[in-house]
Amino acid sequence: MADPDCPFCKIFAREIPAQEVTRTQNVLVFRDLNPQAPTHLLAIPQRHVADLGEFVRSADAAEVGALFTAASHAGREASVSGYRIVVNEGPDAGQSVAHLHLHVLAGRSLRWPPG
Ligand code: AMP
Ligand code: ZN
0 MADPDCPFCK IFAREIPAQE VTRTQNVLVF RDLNPQAPTH LLAIPQRHVA
50 DLGEFVRSAD AAEVGALFTA ASHAGREASV SGYRIVVNEG PDAGQSVAHL
100 HLHVLAGRSL RWPPG
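Read in order, the letters of the sequence shown correspond to residues 0 to 114 in numbering that gives the first Met the number 0.
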């Protein structure tokens with residue numbers, strides 16, 4: 000299930016360190032190494048899926064729900080008056096890690112549209 004070359008599988012397995020915020024059996028929320036807001040978290044499923052498209056094709060409702068619930072709880076905890084959840088999918092969106100992750104951004108006013 001885990002991809003031996005995937006950095007986020009390694010973070011889930013505690014093979015490389017990360018600043019964990021919350022962990023359940025299937026979802027981990029941890030701090031982004033290169034934060035783009037005062038709070039910048041990543042929520043990942045345990046299962047290695049490359050992107051959101053692969054996730055929704057292969058996940059059941061409980062797995063999708065667990066990921067979005069964890070991201071939403073983390074955003075609410077971190078925010079004073081709102082937060083943003085972002086998924087970058089593919090080169091045009093700047094996806095750089097091929098293990099689905101939800102960015103959770105909070106702690107400043109976030110412009111729209113994003114870059
Ligand atoms: P994306 O560009 O949407 O694929 O986002 C990948 C994110 O992962 C970037 O914001 C990186 O800063 C972050 N990142 C990459 N490696 C690590 C790591 N080892 N620990 C925490 N965040 C990471
Ligand atoms: Zn992975």
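Ideal placement from N, C-alpha and C gives every residue a C-beta, glycine not left out.
CA nearest to the CA of residue i, picked from the options
i	options	result
Y82	A36, F11, E62	A36
A92	D50, P34, C5	D50
L99	P34, R13, R46	R46
Separation of residue j from residue i, as counted between CA atoms
i	j	result
L109	S57	32 angstroms
A65	R75	15 angstroms
L32	E53	25 angstroms
A77	A97	26 angstroms
E88	V28	19 angstroms
Cross-strand partners of residue i (DSSP beta bridge)
i	result
V85	H102
H39	L104
T68	Its beta-bridge partners do not exist; DSSP assigns none.
Cβ-based burial, residue i [other Cβ within 10 Å; buried from 16]
i	result
P16	exposed
Practice prompt. Give every residue whose Cβ lies closer than 7 angstroms to any heavy atom of ligand 3, listed in chain order.
Written response: Ligand 3 is absent from the structure shown, which contains only ligand 1 and ligand 2.
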